Amino acid sequence: MAASPYDGLDARAFWRTAVASRGPGRLRGLYDPRFPITRDMPVFTAGSCFAQHVHRALKAAGYKVIETEPAPEGVPEDVAARFFYGTFSARYGNIYNPRQFRQLLEEVAGTYSPGHRVWSRGARFYDAIRPNVDPGGYANAKAVGLARADHLKSVAAAIARTRVVVFTLGLTETWEDRASGAVYPTAPGVIADPPAGADIGFLSLGHDEIVADVRAVLAHLRRQHADMKLLLTVSPVPLVATAGGGHVLVASTAGKAILRAAADTLMRGDQGIDYFPSYEIITNPAAKGAFHASNLRSPTPKGVSVVMNQFMAAHQTYETGPVRAPDEGPKFNAAAAATDDEDDNAVICEEMMNDPGLMPARDRAGAAGGGAG
Amino acid sequence: MRVLVLGNSHAATVRLGFAAIGSAFPDVRLSFWGLPGAAFTKARVRRDGQLAPDAGDLPSLRKVSLWNEAESIDLTLFDRIFLVGLRHGFRPALQLMRRLHPLDWGRKSGVTGVSEGFLRASVRGLIDASLAEQAARTPFDARFAAMPAPYPGTPVTEDGPLHEAVTAAIAAHPRAQDLLQLYEAEIRAAHAAHGLAFVPQPPDTVAAPFLSHARFLADPDRDGRHMNAEYGLAAFAALMAHKPPIKEIDHAMGS
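Keeping their order, the protein sequence lines are chains D and A.
First residue of the first sequence: 2, per my numbering; consecutive thereafter.
First residue of the second sequence: 70, per my numbering; consecutive thereafter.
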């Protein structure tokens, strides 16, 4: 009798031994890095709200995480975080999808100018591309322009130093200016309103668009450094609300599936792209939902800790030799990088504002706390 | 009415004015309890209700008997308590205002452009932290009113031994008046959030943004910060002019 191709495979190849019989924090062999990410490699982070955890965790673990817009000296830590200083490699805020990332890089390069960059509410003016990095906005549109010019220089400086980008794919639903194709992280009316006459509409990105945008992002980055590497993750945080007309669970599942499939397509086509399974770790059935907070969306500190320990353990192989299981490897200190608040108020996520039930009316024009995307 | 003036060396300058205050406010029974700045920030209300110095801090213990009639004081004995002289992160706040410039006001070369909201929030954060620490040491109630440390005297902007670079730079800032308004709005809001009445430095004693008139300095040749008895009287009068809510006074007086 011929041997089955499954005969002799590692225990990790079988659901029974690799998932069902293991504790949710003790999954092994989930991730075989294609390329090293060592502590001396300049790392650029971006992505949806979950990426804030990644940035914080890498920093806490001593990785060389780029920050060209760090908190100014003397500013209280919580204030700096509320205004997105030191939250990502620059203050672009949450980048929920690769179209947003692509347009940022094109704007930095001077090859693209998003339409309707300044939105307003009452007498306050907001950078439509990152409306929550200054929660109360500015007193005038000119100030928004000055701040954006400074920011774009900071992004350029960050990219110039980057060797590896860790990008968390968050959402497929977004809002687009029909004329310029610009996408915005919030819908009109959530934080601010676009100028009269602007044609801003709902856009649901598909697999091929996600793939094309990520490839364009990487092409831009490789103009800086030909050997630029990209580590993709998919946020395990479901949609807070869908504008697509259907049920949020179905929409969220479709969105995550599209992002996960796109990551797979991208990885297959480019040796410089890797995928880290944070989505799988948080949502794996063995966890029985334990890595989600009581809102069934935000990851718990424990979940974030398990994710980052998997990452550290895998990348230790490039620094210290043989692979160690996550529970034997260097420990990521969740307390240093996550929050004890099970509703995860340590990350700032304007997507939360899409659900009026989650936001007191008085806060709808201000910062939103809570994990999403 | 029993009134306690409580605080650090700036509260002690109010005590300098006690004779004049006694004449101006004959119905007030004045008391003072204080310690030098660092020691005062270690004093706290004990479980028995007495405000006392840090028993483990030798300098505090040495100073407490030099400064006060009693080593500890029962805050429940007073109808009103004037907390005087806290700096509320004044110097770090000035440093922030020197290094950061609101783009809402236009570009200023050589400094980091930020939103006015961010500068406000940063200043507020410093004040909040200071107030939270003080509240933990001396829980506030409606009897309390607070007047921060006075702004330094104008000599600190001049060359010489009293020169203070940061204060001088902010006082010379082209938007100094706007910065003062920003700072005072945040300090007022922070006090309100902590349930503590805020009484600003008497306007007549302010010479320019972030600066007091030199004539109120106790020793203008050697000390650019501490004020004299005339200032003490003006400060006390301003604190007395602040009226806490009637209901709260009744409660505090045990009626």
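Note that beta-carbon positions come from the ideal geometry of N, C-alpha and C, so glycine has one too.
All figures in this text were calculated on a predicted structure; none of them were measured in a lab.
Rounded to whole angstroms, what's the CA-CA distance from residue i to residue j? Just pull it up for me.
i: D/Asp228; j: D/Arg162; result: 13 Å
i: A/Asp210; j: D/Pro99; result: 53 Å
i: A/Arg149; j: A/Asp173; result: 41 Å
i: A/Gly222; j: A/Ala238; result: 14 Å
i: D/Phe85; j: D/Val134; result: 5 Å
i: A/Ala307; j: A/Phe159; result: 21 Å
i: D/Asp345; j: D/Phe51; result: With a pLDDT of 48 at D/Asp345, under the threshold of 50, the modelled position of that residue is not reliable, and no figure is offered here.
i: D/Tyr7; j: D/Thr18; result: 13 Å
i: D/Lys257; j: D/Phe292; result: 17 Å
i: D/Asn310; j: D/Arg131; result: 31 Å
i: A/Leu73; j: A/Asp273; result: 24 Å
i: A/Ala234; j: A/Ala245; result: 15 Å
i: D/Pro171; j: D/Gly48; result: In the sequence as displayed, the identity of residue 171 of chain D is Gly instead of Pro. Looking at the two C-alpha atoms, the distance is approximately 7 Å.
i: A/Arg168; j: A/Met309; result: 37 Å
i: A/Gln270; j: D/His54; result: 45 Å
i: D/Leu105; j: D/Thr69; result: 15 Å
i: A/Leu130; j: A/Leu165; result: 35 Å
i: A/Ala261; j: A/Arg206; result: 18 Å
i: A/His282; j: A/Asp228; result: 17 Å
i: D/Tyr276; j: D/His316; result: 13 Å
i: D/Ile67; j: A/Ala121; result: 48 Å
i: A/His157; j: D/Gly123; result: 32 Å
Do you know whose CA, among the options, lies nearest residue i's CA?
i: A/Trp136; options: A/Leu169, A/Ser178, A/Asn77 and A/Ala215; result: A/Asn77
i: D/Pro37; options: D/Pro239, D/Ala148, D/Phe312 and D/Asp135; result: D/Phe312
i: D/Val348; options: D/Leu31, D/Ala12 and D/Phe89; result: D/Phe89
i: D/Ala158; options: D/Pro43, D/Thr112 and D/Arg17; result: D/Pro43
i: D/Ser279; options: D/Gln272, D/Asp271, D/Val308 and D/Thr266; result: D/Val308
i: D/Asn296; options: D/Ala314, D/Ala287 and D/Leu240; result: D/Leu240
i: A/Ala112; options: A/Glu140, A/Arg294, A/Arg156 and A/Leu99; result: A/Glu140
i: D/Val166; options: D/Ser205, D/His117 and D/Arg223; result: D/Arg223
i: D/Leu41; options: D/Gly63, D/Gly123, D/Pro189 and D/Ala193; result: According to the sequence displayed, residue 41 of chain D carries Asp and not Leu. Of D/Gly63, D/Gly123, D/Pro189 and D/Ala193, the residue nearest in Cα terms is D/Gly63.
i: D/Arg281; options: D/Pro196, D/Arg125, D/Leu233 and D/Pro73; result: Per the sequence presented here, residue 281 of chain D reads as Glu, with Arg not at that position. Ranking the options by Cα distance to D/Glu281, first place goes to D/Leu233.
Consider the Cβ of residue i: report whether some Cβ of chain D lies at a distance smaller than 8 Å.
i: A/Asp173; result: yes
i: A/Leu163; result: no
i: A/Phe285; result: no
i: A/Gly194; result: yes
i: A/Ser191; result: yes
i: A/Leu135; result: no
i: A/Ala198; result: yes
i: A/Glu233; result: no
i: A/Leu169; result: yes
i: A/Arg176; result: yes
i: A/Glu202; result: no
i: A/Phe159; result: no
i: A/Phe187; result: yes
i: A/Ser100; result: no
i: A/Ser184; result: yes
Identify every residue that forms a DSSP beta bridge with residue i.
i: D/Trp120; result: D/Tyr127
i: A/Phe159; result: Per DSSP, none; premise fails for A/Phe159.
i: D/Tyr276; result: D/Leu233
i: A/Phe187; result: None; A/Phe187 has no bridge partner.
i: A/Leu120; result: A/Val114 and A/Ile142
i: D/Glu30; result: Note on residue identity: the sequence assigns Gly, not Glu, to residue 30 of chain D. In the DSSP output, where bridge partners are listed per residue, D/Gly30 has none listed.
i: D/Ser205; result: D/Glu174
i: D/Val44; result: D/Val66 and D/Val165
Would you say residue i faces chain A, with C-beta separation under 8 Å as the test?
i: D/Val156; result: no
i: D/Phe84; result: yes
i: D/Gly75; result: yes
i: D/Asn377; result: No answer is possible for residue 377 of chain D: it lies beyond the span of chain D, which begins at 2 and ends at 374.
i: D/Pro186; result: no
i: D/Pro136; result: yes
i: D/Val80; result: yes
i: D/Gly370; result: With a pLDDT of 41 at D/Gly370, under the threshold of 50, the modelled position of this residue cannot be trusted, and the question is left open.
i: D/Glu329; result: Note that D/Glu329 has pLDDT 44, beneath the 50 cutoff, so the model's placement of it is unreliable and no number is given.
i: D/Leu214; result: Per the sequence shown, residue 214 of chain D should be read as Asp rather than Leu. No, because no Cβ of chain A sits closer than 8 Å to the Cβ of D/Asp214.
i: D/Ala144; result: yes
i: D/Ala193; result: no
i: D/Asp151; result: yes
i: D/Ala124; result: no
i: D/Ala227; result: no
i: D/Leu147; result: yes
Is there a C-beta anywhere in chain C that falls below 8 Å from the one on residue i?
i: A/Thr181; result: Note that chain C does not occur in the displayed structure, where the protein chains are D and A.
Please tell me whether, using a cut-off of 7 Å, the distance from the CB of residue i to the nearest non-hydrogen atom of the ligand ATP is below it.
i: D/Val251; result: In the structure shown, the ligand ATP is absent, as is every other ligand, since no ligand is present at all.
Only counting runs of 4 or more residues, tell me where the alpha helix (DSSP H) segments fall wholly within the stretch 107-190 of chain D, in order along the chain. Annotation note: the stretch 107-190 of chain D contains the following uninterrupted alpha helix (DSSP H) runs of length 4 or greater, listed N- to C-terminal: 142-162.
Which runs of the alpha helix (DSSP H) spanning at least 4 residues fall entirely within the stretch 71-115 of chain A, listed in chain order? 78-85, 87-93 and 106-109
Alpha helix (DSSP H) runs contained entirely in the stretch 254-310 of chain D, provided each spans 4 or more residues: 279-284
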